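**Student:** Here the sequence shown is numbered in UniProt numbering, starting from 1 and rising by one per residue. For every residue, glycine included, the Cβ atom is placed at its ideal position computed from N, Cα and C. Since we're looking at a predicted model, the values are computed, not measured.
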Amino acid sequence: MLLVAVAIAFIAATAGMNGWGVLGLLAIMLLAIMCSSEPRKQITPAPPVPEVDEPARSLLPEVSATLSALDIPVMVLAGDASVLFQNRAAEKAFGEVVIGAHISARLRSPSILDMVRETIVTNAPNQIEHSERLPSERVYIVRSSPVELGAINGIVGGSGERLFVLSFRDISEVRRIDRMRSDFVANASHELRTPLASLRGFIETIQGPAKSDLKAQERFLGIMFDQTTRMSRLVDDLLSLSRLELKSHIAPDEKVDLVPLLGHVRDALLPLANDVGVDIRLHLPEGRAEVLGDRDELVQVFENLIENACKYGQEGKVVEVFLNNGPGRPVEVTVVDKGPGIPAEHVPRLTERFYRVNIEDSRSKKGTGLGLAIVKHILTRHRARLIVKSEVGKGTSFTVRF
1 MLLVAVAIAF
11 IAATAGMNGW
21 GVLGLLAIML
31 LAIMCSSEPR
41 KQITPAPPVP
51 EVDEPARSLL
61 PEVSATLSAL
71 DIPVMVLAGD
81 ASVLFQNRAA
91 EKAFGEVVIG
101 AHISARLRSP
111 SILDMVRETI
121 VTNAPNQIEH
131 SERLPSERVY
141 IVRSSPVELG
151 AINGIVGGSG
161 ERLFVLSFRD
171 ISEVRRIDRM
181 RSDFVANASH
191 ELRTPLASLR
201 GFIETIQGPA
211 KSDLKAQERF
221 LGIMFDQTTR
231 MSRLVDDLLS
241 LSRLELKSHI
251 APDEKVDLVP
261 LLGHVRDALL
271 PLANDVGVDI
281 RLHLPEGRAE
291 VLGDRDELVQ
301 VFENLIENAC
311 KYGQEGKVVE
321 VFLNNGPGRP
331 VEVTVVDKGP
341 GIPAEHVPRL
351 TERFYRVNIE
361 DSRSKKGTGL
371 GLAIVKHILT
381 RHRARLIVKS
391 EVGKGTSFTV
401 RF
């Protein structure tokens with residue numbers, strides 16, 4: 001603006017204006033410039049916008065991906081016990097939880113909630129043992145521990161935000177093996193004591209009083225052979241139960257057609273049925289009757305049921321097997337005998353290990369007392385039911401409903 005004023009004064013002088021006039025014009029213009037100009041305000045830069053922490057899953061993508069790949073359930077919690085992240089194993093084990101919801105929305109166990117609360121307050125790791133009974137029995141070692149994200153270089157950069165990791169280590173197999181071991185020792189010692197005592201007595205008799213009696217030796221050796229056969233079957237059944245308990249929580253997923261399977265079981269049991277004078281009759285539908293299952297285990301189920309019907313219902317001379325698979329109805333297999341029946345007070349306990357309605361009758365028919373316990377464990381794994389109906393003097397029916 002000052003240069004403009006000087007230029008105008010110079011033009012006026014050139015045009016012939018006298019010196020005082022030029023000076024007056026210049027003074028007026030300088031005064032106008034000074035009056036119209038305002039003091040310049042100092043411009044200061046705006047303060048930086050503070051960074052806002054995002055949820056842990058966004059801040060730690062690498063860690064989230066790693067947790068997702070783990071095969072154990074893991075959850076990441078905030079300081080208020082809200083869920084910031086859960087991996088796929090946790091979703092599978094406990095169901096999906098809404099991110100941001102409190103941990104109690106998914107886990108209702110007071111012991112777990114108390115442990116999480118204590119870890120948040122004390123900032124110290126804790127662990128407890130927790131059992132789940134549905135849909136199948138599971139046992140976990142649950143551990144809660146704090147994580148200082150500010151201590152992880154290059155990820156959060158010293159934000160100091162506190163997070164907590166809740167992990168679940170499945171020890172169900174370990175507990176099953178421990179229980180199986182103790183049950184095996186208790187059951188085996190109980191059931192093997194009697195036949196072993198008998199064997200020892202017969203051996204002492206053969207070595208002593210019957211040392212020269214060939215007829216007595218032949219009779220005693222026959223009894224000893226039966227006792228050793230029964231012990232062998234007992235050990236086999238105990239081992240079968242142990243194997244079933246180890247995988248009881250894993251449902252089979254292959255398709256099995258029950259029509260040819262029942263035909264195979266009937267053919268395998270024909271020699272036994274002929275020995276006890278029983279006719280096995282199958283009533284099978286046309287076409288296929290498929291269920292999800294393990295073929296060998298289902299063969300074991302129906303062999304046990306039909307064999308029991310032949311041995312304990314032989315008075316009726318016939319065992320009938322019905323397979324029903326109508327539209328909109330569950331697949332059912334019913335084994336019916338015309339034997340003496342079972343008193344009502346015994347029916348609820350039939351699937352207990354070593355439970356017998358008549359101990360002497362069971363042992364005379366070479367039963368181990370484990371057949372129906374094995375059936376129950378197999379059907380539990382197959383998510384199927386065993387329904388028993390019996391009336392004294394009219395026979396018994398066992399129905400497997402898938």
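1. At the level of alpha carbons, what is the spacing between residue 205 and residue 220?
2. Quick one: Cα of residue 251 to Cα of residue 391, how far?
3. For residue 126, which of helix, strand or coil comes out of DSSP?
4. Using the three-state DSSP reduction, which class does residue 347 fall into: helix, strand or coil?
5. Just to confirm, are residue 317 and residue 277 a CB contact at a threshold of 8 Å?
6. Check residue 397 in the structure and name its three-state DSSP category.
7. If you measure between the beta carbons of residue 138 and residue 129, is that distance less than 8 Å?
8. In terms of alpha-carbon separation, which member of 247, 388 and 64 lies closest to residue 348?
9. Which of the three DSSP states is assigned to residue 325 in this structure?
10. Between 182, 207, 87 and 230, which has its C-alpha nearest residue 194's C-alpha?
11. Using a Cβ distance threshold of 8 Å, determine whether the stretch 257-266 contacts the stretch 295-308, with at least three qualifying pairs required.
12. Would residue 168 pass as a contact of residue 146 if the rule is Cβ separation under 8 Å?
13. Would you kindly check if the distance between the Cβ of residue 386 and the Cβ of residue 398 is under 8 Å?
14. What did DSSP end up calling residue 38 once you bin it into helix, strand or coil?
15. Kindly indicate the opening and closing residues of the beta strand (DSSP E) around residue 104.
16. Which of helix, strand or coil does DSSP assign to residue 259?
17. What first and last residue would you give for the beta strand (DSSP E) that runs through residue 217?
18. Could you tell me the alpha carbon to alpha carbon distance between residue 212 and residue 201, rounded to whole angstroms?
19. Apart from the five residues on each side of it in sequence, which residues of its chain come closer than 7 Å, Cβ to Cβ, to residue 141?
20. Answer yes or no: do residue 301 and residue 185 have a C-beta to C-beta separation smaller than 8 Å?
21. Classify residue 192 as helix, strand or coil using the three-state DSSP reduction.
22. Could you tell me whether any non-hydrogen atom of the ligand MN is closer than 7 Å to the CB of residue 373?
23. Check residue 311 in the structure and name its three-state DSSP category.
24. Using the three-state DSSP reduction, which class does residue 14 fall into: helix, strand or coil?
25. Within its chain, find whatever has a CB closer than 8 Å to the CB of residue 190; leave out the 5 residues flanking it on each side and keep chain order.
26. Let me check understanding here. Comparing Cα to Cα, which of 166, 248, 329 and 272 lies closest to residue 383?
27. Span of the alpha helix (DSSP H) holding residue 372?
28. Does DSSP put residue 297 in a helix, in a strand, or in coil?
29. I'd like to check one pair, residue 255 with residue 290: are the Cβ atoms closer than 8 Å?
30. Is it buried or exposed, residue 396, if we count other Cβ atoms within 10 angstroms and call 16 or more buried?
31. Measuring alpha carbon to alpha carbon, tell me which of 226, 380 and 74 ends up nearest residue 241.
32. Kindly indicate which residue of 143, 188, 103 and 327 has the alpha-carbon position closest to the one of residue 288.
**Tutor:** Based on what the coordinates show:
1. The alpha-carbon atoms of residue 205 and residue 220 are separated by roughly 9 Å.
2. 33 Å
3. Residue 126: strand per DSSP, three-state reduction.
4. helix
5. yes
6. strand
7. no
8. 388
9. Here DSSP, grouped into helix, strand and coil, assigns residue 325 to coil.
10. 230
11. yes
12. no
13. yes
14. Note on residue 38: pLDDT 48, under 50, position unreliable in the model; no value is reported.
15. For residue 104, no beta strand (DSSP E) segment is defined, and its DSSP state is neither H nor E.
16. helix
17. Element bounds for residue 217: not the beta strand (DSSP E) but the alpha helix (DSSP H), 214-246.
18. 17 Å
19. 127, 129, 169 and 171
20. no
21. helix
22. This structure lacks the ligand MN; in fact it carries no ligand of any kind.
23. Residue 311: helix per DSSP, three-state reduction.
24. The predicted model places residue 14 with a pLDDT of 44, which falls under 50 and marks its position as unreliable; any figure quoted below should be read in that light. In this structure, residue 14 counts as helix in the three-state DSSP scheme.
25. 354
26. 248
27. 371-381
28. helix
29. yes
30. buried
31. 380
32. 327
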